Amino acid sequence: MSLDNSIRNCDMAQSEKQPPQGQWSTALFDCLEDRSNCLFTCFCPCMAFGRIAEIVDRGTTSCAVAGTIYHVLASVGCGWLYAGSYRTKLRGHFSLPAAPCHDLLVHSFCCVCSICQEYRELKNHGIDPSIGWQANVEKWNREGVKPPMVEPAMAR
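For the sequence shown, my numbering assigns the number 1454 to the initial residue and increments by one for each residue that follows.
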């Protein structure tokens, strides 16, 4: 096989790994597609959410701070408000639709499922939430890869 064919095959394999543009890569109730993520989120939703928030905020909010805020708000029944706002931010980064309904409703009715879906979405875009923002940036720099998250569009 020639070098050109090898490169072309590698490019095709890479494009097959990419989630569909403008669509969620998994459905809301596909929690069992990643069983370890599902179990982690069921037993430690604050940490799972904190990891998502750190990535979505590009490291400006730490996992510990976001997880603690989520825990405090969830203990008084309002965690869905905080988590729903991060779902909106994540959708903005990847141009995803508000599906199956508005972000706040998804989090108020299916909080664990929505956190699992958001975590899977990051992983399917080549981001490892478990290592944090800075470690992902260092990994992308080592590999010479452009970060998969685009800047969200500015609202008017």
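Virtual Cβ for every residue (Gly too), placed ideally from N, Cα, C. Since this is a predicted model, take the numbers as computed values, not measurements.
Short Cβ contact (8 Å threshold) for residue i with residue j
| i | j | result |
| --- | --- | --- |
| Ser1567 | Arg1540 | yes |
| Arg1573 | Thr1514 | no |
| Asp1611 | Gly1532 | There is simply no residue 1611 to check, as the chain begins at 1454 and stops at 1609 in what is shown. |
| Trp1586 | Gly1512 | yes |
| Ser1497 | Glu1507 | Rather than Ser, the amino acid found at residue 1497 in this sequence is Cys. No, they are not a contact pair. |
| His1546 | Val1590 | no |
| Ala1552 | Trp1477 | yes |
Among the options, the one whose alpha carbon lies nearest that of residue i
| i | options | result |
| --- | --- | --- |
| Ile1611 | Leu1557, Gln1474, Ala1527, Tyr1523 | Because the chain here runs from 1454 to 1609, residue 1611 falls outside it and cannot be looked at. |
| Cys1491 | Met1602, Gln1570, Val1590, His1578 | Gln1570 |
| Gly1503 | Leu1481, Lys1599, Asp1483, Ala1527 | Ala1527 |
| Cys1564 | Val1509, Leu1534, Ala1588 | Leu1534 |
| Thr1494 | Ala1588, Glu1591, Val1590, Pro1582 | Pro1582 |
| Ile1580 | Ser1561, Gly1597, Phe1562, Met1602 | Met1602 |
| Lys1576 | Ser1561, Thr1521, Pro1553, Pro1600 | Pro1600 |
| Gly1475 | Ile1584, His1578, Arg1595, Gly1597 | His1578 |
Environment of residue i [buried if 16+ CB atoms lie within 10 Å]
| i | result |
| --- | --- |
| Ala1519 | buried |
| Val1559 | buried |
| Leu1549 | buried |
| Cys1484 | buried |
| Cys1499 | buried |
| Ala1501 | buried |
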